Structures are given as structure tokens and as C-alpha cells.
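Reading through the C-alpha cells given below for one structure.
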Amino acid sequence: MPDPEIVARAVRKRLDRKNDARESAIRISRQIVRECRSAISAMQSGRDYVEHLKSARKLSRELSRAASRFPDILYAGYVMDAQQEIAEAEILAAHIEKRPFPAPDEIGVSDEAFVLGLGDSIGELRRLLLNRLMENDMKGARKELDAMEEYFKVLMMFDYPDTLLACKRKQDVARALLEKSRSELVMASHMRDLKHRLKR
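Here the working numbering runs 909 ahead of the position in the sequence shown, where the first position is 1.
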């Protein structure tokens, strides 16, 4: 029969390794969230976001390596949050750069994180739409609304229990944002037409 202390030491060694991986995953996840949020903020204000996005991609690879041996860490909430931010930033960057819509495996995120990030990207598209309206760029605003409608249609393809994919709230929020954006675009168009008529 093995000595209890020897067994316990072996168990503790494995748990120490797992704890180290967990702490690394938490630290890297926080860094990813910061970089992605900085990238998205830069996208919205027309500033350079490429370095933030590159940093997030590099950190994402580090996160995968840190958590790869421990599936429960890989699917922990803090890792999911980080991957969701990556998905949102990558989807928005592809839209801005007019690149093909990215797939989850291309950007290194889980399917679940991808869908949730897609839901959040609709809110960022709305911010782009409002920026266009402030610039009196009706054509640009219409393009942002078209993208919102396309992404919303894709988001509504996912109908699963919350225990598998908690996206119903994202869908509800996206629907409300889309309806509000449509109304605002119509109102802005009417106002522009009225100004043109008054100038005649």
C-alpha cells in the first residue's frame, strides 16, 4: 500500500501545476480584455488599433498554451470573457477593413465565445452608425445598419438552452439596438430632407 504522504505529495504537485496554470490564465485573460477594449475604442475613434489587436492575438496564443493541459481552466469564465472580447474585436476589425467575416478557428476562440462576441459586435456597429450620423454621412450610416441587420440575422440562427449557449439576452439587446438604429436613421433622413427643402 502506498504511503499516504507520498500520494499526497504527488497530488499536491499536480494541483500546484494546475494552480500556476490558472493564475497565468487569469493574468493573461485580463491583459487580453484590456488590449481588445483598447483596440475597439481606437476603431470607434478612427485611431490606429492594429498594435492592440496584434498584442491581443499574441496573448491569446499564450492563453491557449497556459490552459491547454487543463480543460476546466480552458472553459473557465475568465477565459470565455477574454475569448469573447477577441471575437468582438476581430469581427469589428474585419468589418472596418472590409475583410471576410472571420471564423472561430481562425481567431482562436471557442464557438460559444464567438457567438457571444458576435452579439456584442452589433452594439459596436451601432456606435459606428451614430458616428456616421454625427458626420452627416447618411450613406455610411446605411452601410452600418445593413451590417447590423446581417449580423443580427446570423445571431438569431442560434437557439440553444442557456446551459449550452447563454445568448438569448444578447439577442434581445441586439434586437432593441437594431430597432432603435432604424428609427434614428429614418429620423435623420427626414431631418436632412427637411433642411434641403427649407434651403430652397
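Ideal placement from N, C-alpha and C gives every residue a C-beta, glycine not left out. Just so you know, these numbers come straight off a predicted model, no measurement behind them.
Take the alpha-carbon of V988 and the one of A1012: they are about 18 Å apart. Between L1054 and R1091, the CB-CB gap stays under 8 Å. Your pair A1083 and I1031 checks out as a contact, with CB atoms roughly 4 Å apart and the cut at 8 Å. Across the structure, K1052 and F979 are spaced so that their CA atoms are roughly 43 Å apart.
Taken atom to atom, the span from the alpha-carbon of E1015 to that of D925 is near 32 Å. Classified as buried, D1029 has 16 or more neighbouring CB atoms from the shown chains inside 10 Å of its CB. At a Cβ-Cβ threshold of 8 Å, A991 and I949 do not count as neighbours. Residue state for M1096 is assigned as helix, using DSSP reduced to three classes.
Distance from the CA of F1023 to the CA of Y984, rounded to the nearest whole angstrom, comes to 13 Å.
Judged by DSSP in its simplified three-state form, L1074 adopts coil rather than helix or strand.
Residue environment analysis places L1094 among the buried positions, since at least 16 neighbouring C-beta atoms fall within 10 angstroms of its C-beta. The alpha carbon of L1073 has as its nearest neighbour, out of Y1060, L1025, R966, the alpha carbon of L1025. Check the Cα spacing between Q1080 and each of S977, M1057, M1100: the tightest is with M1057. Contact between A930 and A975 is confirmed by a C-beta separation of about 5 Å, below the 8 Å threshold.
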